[in-house]
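In UniProt numbering, the protein residues as written are 1 to 111.
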């Protein structure tokens, strides 16, 4: 397995795959990323990240059944691997640790 460090966009893509469950294919991932972030997610960029996540062993994919509505083309579905889940948990723990250590940076009650 290659490095397991996650870039910010890799983390968002991996989290989106987890959130989509069995419906995690590239176009749905792009749509959800746009919904979550309010920013356009280019399909080519998402494909590059998906390939990188697979190379790192953090995600895995399989082809779905052929579909008449797609002219017989099959969708590639993604899921978070065990190593991907571990990497996401580490990233979450790291962020929480850093947030807890910021003195006086409590937004509760200031909204």
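Beta carbons are placed, not taken as given, at the ideal position from N, Cα and C, and that holds for glycine.
Check	Outcome
For residue 79, which of 22, 96, 5, 12 has the nearest alpha-carbon?	22
Between which two residues does the alpha helix (DSSP H) harbouring residue 11 extend?	8–20
Have a look at residue 101 and residue 52 and give me their C-alpha separation to the nearest angstrom.	32 Å
Given this structure, state the Cα-to-Cα distance separating residue 132 from residue 98, to the nearest angstrom.	Limits of the chain in this structure are 1 at one end and 111 at the other, which puts residue 132 out of reach.
Taking all protein chains shown into account, do 16 or more other C-beta atoms lie within 10 angstroms of the C-beta of residue 66, making it buried, or fewer, making it exposed?	exposed
Considering only the alpha carbon of each residue, which of 87, 82, 45, 29 lies closest to residue 76?	29
Distance, Cα to Cα, residue 18 vs residue 33?	12 Å
Kindly provide the ranges of any alpha helix (DSSP H) runs that are 4 or more residues long and lie completely inside the UniProt domain "Transcription regulator PadR N-terminal" (17–88), ordered along the chain.	26–37, 43–55
Considering only C-alpha positions, which residue in the set 25, 12, 57 is nearest to residue 39?	12
Are the beta-carbon atoms belonging to residue 88 and residue 14 less than 8 Å from one another?	yes
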